[in-house]
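J.: Numbering (our numbering), first residue to last: 2 to 127.
1. So, residue 95 versus residue 89, is the Cβ gap smaller than 7 Å?
2. What three-state label does DSSP hand residue 42 in the structure shown?
3. Can you have a look at residue 1 and say buried or exposed, based on whether 16 or more other CB atoms are within 10 angstroms of its CB?
4. Quick check on the burial criterion: 16 or more other C-beta atoms within 10 angstroms. Buried or exposed for residue 110?
5. In the DSSP assignment, find the unbroken alpha helix (DSSP H) run with residue 80 in it and report its ends.
6. Among the residues of its own chain, which have a CB less than 6 Å from the CB of residue 102, if the five just before and after it don't count?
7. Under 8 Å Cβ to Cβ from residue 37, same chain only, skipping five residues before and after it: list those, please.
8. Taking buried to mean at least 16 other C-beta atoms within 10 Å of its own C-beta, is residue 34 buried or exposed?
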């Protein structure tokens with residue numbers, strides 16, 4: 002039931018969107034995000050909010066589902082702001098460096114290479 006209400010609210014937001022003006026100016030300057038925002042409503046919802054479609058398949062008596070818990074349900078404005086972290090600007094310099102598979106292909110760097118690795122404990126049991 003909550004998923005249906007969320008779906009209805011999302012539909013109303015997307016209906017109002019053209020009246021708000023171009024989404025690319027409101028939310029992001031990224032060409033990739035602007036391209037996503039130009040998708041038809043149903044396709045946009047599937048790309049930006051993939052868990053909403055999953056919520057329709059949850060059993061009604063299974064307690065709060067993913068949608069109701071709002072584990073990760075950002076607004077389009079939040080997505081646009083977060084995307085700016087990955088845009089190169091005068092204050093946010095981003096360099097692309099590649100690693101070598103074999104040592105003889107390794108670049109000669111002045112500083113050591115740093116690799117950040119993240120792990121997930123989602124679903125892990127102790």
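Here a beta-carbon is modelled for each residue, glycine too, at the ideal position from N, C-alpha and C. Model, not experiment: these values are computed from the prediction.
T.: The relevant details are as follows:
1. yes
2. helix
3. The requested residue 1 is not part of the displayed model; the chain covers only 2 to 127.
4. exposed
5. 77-84
6. none
7. 45, 48, 49
8. buried
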